[in-house]
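For reference, the structure is listed below as structure tokens.
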Amino acid sequence: MPAPLTLSCPAKINLTLRILTRRADGYHDLDSLFCPITLADTLHLDASRAALGPGPLAVAFTCSDPDLPVDDSNLAVRAARLFAEHQPLSGTLTMHLEKAIPHGAGLGGGSSDAAAVLQGLNKLFNTRLAEPALVVMAAVLGSDVPFFLRDQATHCTGRGEILGATVSLPPLPLLLIKPPFPVDTPWAYQAFAAARASSQPPAETQILPWGTLHNDLEPPVHAKFLVLPELKSWLLTQPEVAGALMSGSGSTTFAILHSAQAAPTLRDRVRARFGRNWWTWIGATVGTPEG
Ligand code: C5P
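Heads up, the sequence shown is in this note's numbering, so the first residue is 1414 and it goes up one at a time.
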């Protein structure tokens, strides 16, 4: 009988996100450097009342965030059901999710939770599925779910689901700032396509000592949510900030800082200027020892 398992589900930021072409299936081909960060949800998996073998499987799912659905529409539950299609499971699987990553934020929270479910079940039932098999399942759940099977900065292509080379980076001190509204990802991609057709100015690139920052979704999202370019411009004038960029389709902007010590005072200034109801978080990218 497998013992309960607790997994950390890290958030991500996109250090670069370049959109190449719009595809016939409605998705966009990307080239993006995804980077895990130290912000994480926590997933508790208890399979003590489940077993390998033909179903039915009941999924008893609870979540600390009352705004999130706990039925089969939750990506974590869909991940469990998809895993059970490949490796039949019976009985009751109990899952509890402690959310720390905001949603509609461009931080990949739901995708990370789903990837952790796949990895956790693979471990709990000792099914020994290798990364390529898990990637195939993960890609069915969402474009950026496969990335979360890795624990390192990775170049992702295709619609985001093709894992390329990993990248060694030092841990970068971060301040994350999210206004009290989400951005809808499909809308952001549509707005990008419309902006490209009307030849709006392209996204700018910031060059830092370890690499670049660039996000093609930033201009179309900034054109609608005017407080976001105001936030970014203000951040770039602050002495603590080495670079600032919207993550994914937003609405989070991350600031990369010269030093972690500076983060609390900068956060205080952000909240005083933009609002105490804005979500902020201090942490770092997950670096590599040789990075
Ligand atoms: O794959 P996922 O469900 O995360 O994608 C959400 C939506 O974002 C898609 O339905 C699509 O509208 C848009 N998208 C896109 N190109 C990508 C990834 C996402 O157009 N590479």
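All residues carry an ideal CB built from backbone N, CA and C; glycine is no exception.
query                                                                                                                                                           : result
Measure the C-alpha to C-alpha separation of T1507 and M1550 and round it to an integer number of angstroms.                                                    : 21 Å
Within a Cβ cutoff of 6 Å, which residues of the same chain sit near E1574, ignoring the five residues on either side of it in sequence?                        : A1552, S1556 and P1559
Between P1622 and T1698, what straight-line distance do the alpha-carbon atoms span, to the nearest angstrom?                                                   : 15 Å
Entirely within the stretch 1576-1658 and at least 3 residues each: give me those beta strand (DSSP E) ranges in chain order.                                   : 1586-1591, 1619-1621 and 1624-1628
Here's a check: name, in chain order, each residue in its chain whose Cβ is nearer than 6 Å to the Cβ of C1476, leaving out the five neighbours to either side. : V1483 and L1510
Let's see if you can read the secondary structure: which residues bound the beta strand (DSSP E) around H1457?                                                  : H1441 to L1465
For P1633 and L1587, I'd like the C-alpha separation in whole angstroms.                                                                                        : 24 Å
What's the gap between the Cα of A1473 and the Cα of A1460?                                                                                                     : 10 Å
Any heavy atom of ligand 1 inside 6 Å of the beta-carbon of T1598?                                                                                              : yes
S1525 lies in the alpha helix (DSSP H); which residues open and close that run?                                                                                 : G1522 to L1537
Tell me which residue opens and which closes the alpha helix (DSSP H) that V1699 is part of.                                                                    : Looking at the DSSP string, V1699 is not in any alpha helix (DSSP H), and its letter there is neither H nor E.
Under the criterion of a Cβ to heavy atom distance below 6 Å, does S1525 qualify as lining ligand 1?                                                            : no
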